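S.K.: Quick note: to get my numbering, add 605 to the position in the sequence shown (first position is 1).
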Amino acid sequence: MRTNIMSPLAETAAGAIADEVLRACVHCGMCNATCPTYHLTGDELDGPRGRIYLIKQALEGEPVTSLTRDHLDRCLSCRACETTCPSGVQYHRLLDVGRDVVAHQTERPPAQRALRAAIRWLCIEPWRLERLMALGRPFKALLPSALRGKLPARTPMGALPRPVAHDRRMTLLTGCVQSATAPHFNAATRRVFDAAGVSLTETPGVGCCGALSAHLDAPEEARALARRNIDAWIKQLDAGAEAVIVNASGCAAFIRDYPDLLADDPYDVAKARRVLAALKDPVEVLAKDPPRAVRAPRNTRIAVHQSCTLRNGPGLAEAPERLLASLGYDPQPVAGSHLCCGSAGAYSLLQPKMAGELRALKVTALTAGDPEAIYTANIGCWMHLAEKSPVPVRHWIEAVDDVVS
Ligand code: SF4
Ligand code: SF4
């Protein structure tokens, strides 16, 4: 597709990324077939081809309205469209540039701005969310149902292994929302790695990956968080850590985009690439060197939800399922794996209607095989699905923990 990106954007790294992506698109529309929002509304502008066209107009200096922003807001950033694009268009890279440009040209209503700022303020420092949840739990029964579902019960963490018991050492991102709402995921990950002969340590100074800030109109805040994390991880890698382990696939997906986020500074990009070379989802480590099962699974019949951020970027869609099957589980087939569950970071808070419709479809698909539990790879999917699932929803690492630790 021919493009004519306006100055001064055309001279920036973001402009170059947008130009490259737009030129690759031949406007065939095949991507619409796997787009969840197009599936729901049938509106061309709620599909990837329409959004690409809207972004192109915005980048070329055409007037932008709140309607343009609404269509981009409704995108889940799930990247399902990229899996069916014959031209290899990296839509999500263009979306990030487009959203920034559109956000600068249209002012959100005050209520939207306040909600976005509140989510960021609450989530990027885990203690704030933790404290709010601790205050809310005793009154859970009195809360409106929409809020009740966002207050998961605290699950005991269990015993932790000694911090440095093995020669092999990796560092774990404990996350912001995850460390406040589901610290038992991190405890299970540490036990599983311990059983596999690897000590998982935390990295001082590392916190939120920045995804929420980037998706909630605060790209500079996201850049600052990314730089802080990169510097802390590089110290760990220099000190002998083999890998950076991220067990929330949504955070990992955002970290993989650090080079684009920091594209204006080649020094930052080089440092980000070093971290990316060491970034691993736990399933990549465990699939290569699986820990030995020491007991049988308690729930054998399971369904595994393929989180978009594990499926559509790194191509690890079936890796957790394969690992669990090798440990004695019996994953049931799940239809429509390409459809996002509707969680998508803060999407379920900002676009509750569409997120609810997608979740209903996903829960129906996941429970069709009558599983005893549902497993996922991402904190956001866990919270979102657990609100309406008739069976327990857990992180897949917990299923591994059940049989190896
Ligand atoms: S993104 Fe890919 S599939 Fe979609 S219109 Fe462009 S070339 Fe076609
Ligand atoms: S990222 Fe997901 S929601 Fe957005 S256009 Fe692509 S398929 Fe549709």
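Every residue gets a Cβ at the ideal spot worked out from N, C-alpha and C, and that includes glycine.
Remember, predicted model here, so these are calculated numbers, not experimental data.
Report, in whole angstroms, the separation of the C-beta atoms of A868 and V874, which I expect to be a contact under 8 Å.
M.R.: 6 Å
S.K.: Determine the contact status of L734 and A792, defining contact as a CB-CB distance below 9 Å.
M.R.: Contact: no.
S.K.: Give me the Cβ distance between D865 and I622, rounded to the nearest whole Å; I'm assuming they're in contact under 8 Å.
M.R.: 6 Å
S.K.: Whose CA, out of A973, A758, Q783 and E847, lies closest to the CA of R727?
M.R.: Strictly speaking, residue 727 in this sequence is Leu, with Arg absent from that position. When only C-alpha atoms are compared, the closest one is Q783.
S.K.: Could you tell me which of S1010, A746 and H1000 sits nearest to G754, measuring between CA atoms?
M.R.: A746
S.K.: Tell me, please, which residues DSSP counts as bridged to S804.
M.R.: Answer by DSSP bridge pairing, in chain order: R774.
S.K.: Report the option in C690, I657 and P691 whose CA atom is closest to the CA atom of H676.
M.R.: I657
S.K.: Look at the alpha carbon of T639 and the alpha carbon of R679, and state the distance between them as a whole number of angstroms.
M.R.: 15 Å
S.K.: With a threshold of 6 Å on Cβ separation, who are the neighbours of L614 within its own chain once the five nearest residues in sequence on each side are excluded?
M.R.: G620
S.K.: Look at the alpha carbon of G810 and the alpha carbon of A837, and state the distance between them as a whole number of angstroms.
M.R.: 6 Å
S.K.: To the nearest whole angstrom, what separates the beta carbons of V1008 and A901, a pair I think is in contact under 8 Å?
M.R.: 7 Å
S.K.: For P919, which of C633, K885 and G703 has the nearest alpha-carbon?
M.R.: Measuring C-alpha to C-alpha distances from P919 to each of C633, K885 and G703 identifies K885 as the nearest.
S.K.: Touching or not, the region 895-913 and the region 968-986, by the rule of three or more beta carbon pairs under 8 Å?
M.R.: Yes, they touch.
S.K.: Please report how far the alpha carbon of R832 lies from the alpha carbon of R742, in whole angstroms.
M.R.: 35 Å
S.K.: Give me the residue from G985, D843, F744 and E962 with the minimum Cα distance to A858.
M.R.: G985
S.K.: When the distance is taken between beta carbons, is L921 closer than 9 Å to E889?
M.R.: In this structure, E889 sits near L921, with a CB-CB distance shorter than 9 Å.
S.K.: Report back the beta-carbon spacing between P731 and M762 to the nearest angstrom; my notes put them in contact at under 8 Å.
M.R.: With a Cβ gap of about 15 Å, P731 and M762 do not count as contacting.
S.K.: Return the chain-ordered ranges of every alpha helix (DSSP H) run that is complete within the region 847-893 and spans a minimum of 4 residues.
M.R.: 854-861, 863-866, 871-883 and 887-893
S.K.: Taking C-alpha atoms, which residue in L756, P957 and R725 lies nearest to L737?
M.R.: L756
S.K.: Any contact between the region 963-970 and the region 933-952? By contact I mean 3 or more CB pairs, one from each, below 8 Å.
M.R.: yes
S.K.: Enumerate in chain order the residues of its own chain whose CB-to-CB distance from V939 is below 8 Å, with the five nearest sequence positions on each side excluded.
M.R.: A908, V909, H910, Q911, A970, L971, A973 and G974
S.K.: Should the region 796-803 be regarded as contacting the region 705-712, the criterion being three or more beta carbon pairs within less than 8 Å?
M.R.: no
S.K.: Enumerate in chain order the residues of its own chain whose CB-to-CB distance from L821 is below 7 Å, with the five nearest sequence positions on each side excluded.
M.R.: R721, I724, R725 and A951.
S.K.: For T808, I'd like the list of residues in its chain whose CB is within less than 7 Å of its CB, leaving aside the five on either flank, ordered along the chain.
M.R.: T776, A837, W838 and Q841
S.K.: Taking the continuous beta strand (DSSP E) assigned at A823, which residues delimit it?
M.R.: In the DSSP assignment, A823 falls outside any beta strand (DSSP E), carrying neither H nor E.
S.K.: Is C690 closer than 9 Å to M635 when the C-beta atoms are compared?
M.R.: Their beta carbons are under 9 Å apart, which means M635 touches C690 by this criterion.
S.K.: Return yes when the C-beta of P641 is under 8 Å from any heavy atom of ligand 2, and no when it is not.
M.R.: P641: yes, Cβ under 8 Å from ligand 2.
S.K.: Just the C-alpha distance for G845 and C633, rounded to the nearest angstrom, thanks.
M.R.: If you take the alpha carbons of G845 and C633, they lie about 48 Å apart.
S.K.: Under 8 Å: does the beta carbon of R684 sit that close to some heavy atom of ligand 1?
M.R.: no
S.K.: For the beta strand (DSSP E) containing H709, list its first residue and its last residue.
M.R.: Element bounds for H709: not the beta strand (DSSP E) but the alpha helix (DSSP H), Y696 to Q710.
S.K.: At the level of alpha carbons, what is the spacing between V998 and L778?
M.R.: 21 Å
S.K.: For the alpha helix (DSSP H) containing I622, list its first residue and its last residue.
M.R.: A618 to A629
S.K.: Going by beta carbon distance, what residues of the same chain come within less than 6 Å of A1004, once the five residues before and after it are set aside?
M.R.: L929 and Y980
S.K.: Measuring CA to CA, which of A877, A819, A829 and Q937 is closest to V702?
M.R.: Residue A819 holds the alpha-carbon nearest to the alpha-carbon of V702 among A877, A819, A829 and Q937.
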